[in-house]
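To start, the structure itself, in structure tokens.
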Amino acid sequence: MNDSNRPVQPMLPFTRPSIDEDTIAAVAEVLRSGWLASGPKVAQLEAELSAYLGGRPVRTETSATAGLEMALLACGIGPGDEVITPALSFVATANVIVRVGARPVFVDVGLDSRNIDLEQAEAAITERTRAIMPVHFAGLPVDMERLYDIAARHRLRIIEDAAHAIGSTWRGRRIGSFGDLTVFSFHPNKNITTIEGGAICGGSAEELKAIELHRWHGQVKSGLDGFDTLLAGGKCNLSDVAAAVGLGQLKRLAEFNARRRALVARYYELWGEHPPLRLPEQGDAGHSWHVFTPLLPLTQLTLSRAGFMEAMKARGIGTGVHYPAIHLFSAYRSLGYREGQFPNAERIGRETITLPLFPAMQLADVDRVVAAVNDIVRGARR
156 MNDSNRPVQP
166 MLPFTRPSID
176 EDTIAAVAEV
186 LRSGWLASGP
196 KVAQLEAELS
206 AYLGGRPVRT
216 ETSATAGLEM
226 ALLACGIGPG
236 DEVITPALSF
246 VATANVIVRV
256 GARPVFVDVG
266 LDSRNIDLEQ
276 AEAAITERTR
286 AIMPVHFAGL
296 PVDMERLYDI
306 AARHRLRIIE
316 DAAHAIGSTW
326 RGRRIGSFGD
336 LTVFSFHPNK
346 NITTIEGGAI
356 CGGSAEELKA
366 IELHRWHGQV
376 KSGLDGFDTL
386 LAGGKCNLSD
396 VAAAVGLGQL
406 KRLAEFNARR
416 RALVARYYEL
426 WGEHPPLRLP
436 EQGDAGHSWH
446 VFTPLLPLTQ
456 LTLSRAGFME
466 AMKARGIGTG
476 VHYPAIHLFS
486 AYRSLGYREG
496 QFPNAERIGR
506 ETITLPLFPA
516 MQLADVDRVV
526 AAVNDIVRGA
536 RR
């Protein structure tokens, strides 16, 4: 059957948030309250996130990007400093390092884990290194024992980019419930959402104060009419509307992540021992599966990645790309990075394809995706 004769099916996106009616009602309640900016709902969300993460302090922001930048600033990282980070992530991971005036020092990642190569990370440490910023890619935790052993031996800060990893666990312990500073994302495509938003977990009393200053103009109040500005802060405070969504989402996080794991298990089951794509590392029950990103066998196909994506779209299936290698973007080539330095990140950047994965999917949707992939790859073999 050619595409023109193929039955039209509803569009299956690669991701979609699940917002229930109780959450919609809670948002309406906030709108009627007249208190829309940071207020009681933000305080409640921070308290509930803190409880979820073992009682560690939590401060919310308007994005994980803002959170990562504020975490760097709270650690005193700036011009002349180096931060080691993987060459494969969303570009925000590196952008925030540049924005505070430091230099991102890229290292490669595991081809299947997509996580930072810790052997390369330790080898990249210099006298200017102040921190390592690992990424728990797709929700698969980095080797936390090894990471923190390196940090302790070299007296480095760890700022965990856990944008993908809310609800992930390392040997039974939730990411963010231990360690140094951890930053989560609540963007609409993440495992839970606040529409836009993020949160920092951890930090000393002094660092928490710095985070609060950076997210609200550097300003402090005294009495009814006293104001002072201690530093040139930004404005990254979460709204009560967003927090109301987050509270509804947090209640369902375990459910959402269990569903993601079940859907991924179906992908692995259907493809068995000889999948047509290179599948990512499966991990264990601690993996929260933010995205499902196999690698296309492009050298064996007459089809480009864009051509594959178009063919999937013609079958009513959305796809994405998570992610291009950061060091090959113009902004980072200008810092001296070049092709060939990080082969795994570069290969992943060329070949990765994000397939549908979100809690509202049915197992039959996975079957549909697998059938479409098999058909397209089979038809495009050299």
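Taking the numbering used here, I'd label the letters of the sequence shown as residues 156 to 537. Ideal Cβ placement from N, Cα and C applies to all residues, glycine included. As the structure is a prediction and not an experimental result, all values here were calculated from the model.
Note down, in chain order, each residue of its chain lying with its Cβ closer than 7 Å to the Cβ of L373, except the 5 sequence neighbours on either side. In the sequence shown, residue 373 corresponds to position 218, counting from 1. It is Gly, not Leu, that sits at residue 373 in the sequence shown. Non-local C-beta neighbours of G373 in its own chain, meaning closer than 7 Å and more than five positions away in sequence, comprise T384, L385, L386, A387 and G388, ordered along the chain.
Are R312 and D335 touching if we call contact CB-CB under 7 Å? Stepping through the sequence shown from its first residue, residue 312 is reached at position 157. Stepping through the sequence shown from its first residue, residue 335 is reached at position 180. In this structure, D335 lies closer than 7 Å to R312 by Cβ.
Closest by C-alpha distance to A365, when choosing among E224, D520, P514 and V528: Reading the sequence shown from its first residue, position 210 is the one you call residue 365. Selected option, being the one with the closest Cα: E224.
May I have the straight-line CA-CA distance separating V238 from E465, to the nearest angstrom? Residue 238 sits at position 83 when you count from the first residue of the sequence shown. Residue 465 sits at position 310 when you count from the first residue of the sequence shown. Take the alpha-carbon of V238 and the one of E465: they are about 38 Å apart.
Could you tell me the alpha carbon to alpha carbon distance between I174 and H291, rounded to whole angstroms? Start at 1 with the first residue of the sequence shown, and residue 174 comes out as number 19. Start at 1 with the first residue of the sequence shown, and residue 291 comes out as number 136. As the crow flies, the alpha-carbon of I174 is around 25 Å from that of H291.
Just curious, the alpha helix (DSSP H) that R370 is in, first and last residue? For the purposes of this step, residue 370 is taken as residue 215 along the sequence shown, with counting starting at 1. According to the DSSP assignment, R370 belongs to the alpha helix (DSSP H) that extends over A360 to R370.
Can you name the start and end residues of the alpha helix (DSSP H) that T98 belongs to? Given that the chain is displayed from residue 156 to residue 537, the structure contains no residue 98 and the question cannot be resolved.
Any idea which residues DSSP pairs W426 with across the strands? Along the sequence shown, read from residue 1 onward, the residue named residue 426 stands at position 271. The partner list for W426 (beta bridge, DSSP) is empty, contrary to what the question assumes.
Cβ-based neighbour list, A480, same chain, cut-off 8 Å, excluding 5 preceding and 5 following: On the sequence shown, position 325 is the one that residue 480 refers to. A242, L243, F497, A500, E501, I503 and G504, listed in sequence order.
Locate the beta strand (DSSP E) running through G534, then write down its first and last residues. Taking the first residue of the sequence shown as position 1, residue 534 is located at position 379. Per DSSP, G534 is not a residue of any beta strand (DSSP E); the alpha helix (DSSP H) it occupies stretches across L518 to G534.
Mind the definition here: the segment 406 to 419 touches the segment 313 to 325 only if three or more C-beta pairs lie below 8 Å; say whether that holds. With the cut-off at 8 Å, the segment 406 to 419 and the segment 313 to 325 touch.
Would you mind listing the alpha helix (DSSP H) stretches within the segment 181 to 212 that are 4+ residues and don't spill past its ends, in chain order? Here the runs fully enclosed are 195 to 207.
C-alpha distance - L363 paired with E300, whole-angstrom precision: As a first step, residue 363 must be located in the sequence shown, where it is residue number 208. As a first step, residue 300 must be located in the sequence shown, where it is residue number 145. Rounded to the nearest angstrom, the gap between the Cα atoms of L363 and E300 is 25 Å.
Same chain, Cβ closer than 8 Å to M156, neighbours up to 5 away in sequence not counted: Along the sequence shown, one-based indexing puts residue 156 at 1. With a pLDDT of 48 at M156, under the threshold of 50, the modelled position of that residue is not reliable, and no figure is offered here.
Between which residues of its own chain and L451 is the CB-CB distance below 7 Å, once the five residues before and five after are set aside? Looking up residue 451 in the sequence shown gives position 296. Taken in chain order, the residues that qualify are L432, R460, F463, E506 and I508.
Please classify S359 as buried or exposed, where buried requires at least 16 neighbouring CB atoms within 10 angstroms. As a working note, residue 359 is residue 204 in the sequence shown. By the 10 Å Cβ count, S359 comes out exposed.
Give me whichever residues DSSP pairs with R328 in a beta bridge. In the sequence shown, residue 328 corresponds to position 173, counting from 1. Here R328 is bridged, per DSSP, to W325.
What did DSSP end up calling Q455 once you bin it into helix, strand or coil? Position 300 of the sequence shown, counted from the start, is the residue given in the question as residue 455. Three-state result, Q455: helix.
Start and end of the beta strand (DSSP E) containing I355? Here residue 355 refers to the residue found at position 200 of the sequence shown. G353 to C356 is the span of the beta strand (DSSP E), which, as asked, contains I355.
Determine the direct distance from the alpha carbon of R537 to that of V251, and round the result to whole angstroms. The residue you call residue 251 lines up with position 96 of the sequence shown. The residue you call residue 537 lines up with position 382 of the sequence shown. For V251 and R537, the distance between alpha carbons rounds to 42 Å.
When we look at the beta-carbon of V525 and count the other beta-carbons within 10 Å, is it buried (16 or more) or exposed? Walking along the sequence shown from the start, residue 525 turns up at place 370. V525 is buried by the Cβ-count criterion.
Proximity winner among G495, R258, A515 and K196, relative to L483 (alpha-carbon distances): Residue numbering aside, residue 483 sits at position 328 when the sequence shown is read from its first letter. Of the candidates G495, R258, A515 and K196, the one whose C-alpha sits nearest the C-alpha of L483 is G495.
Cβ-based burial, L490 [other Cβ within 10 Å; buried from 16]: The count along the sequence shown starts at 1 and reaches residue 490 at position 335. It is exposed - the Cβ of L490 has fewer than 16 other Cβ atoms within 10 Å.
According to DSSP, is G504 helix, strand or coil? What you label residue 504 is simply residue 349 of the sequence shown in a count that begins at 1. Residue state, collapsed to three classes: helix.
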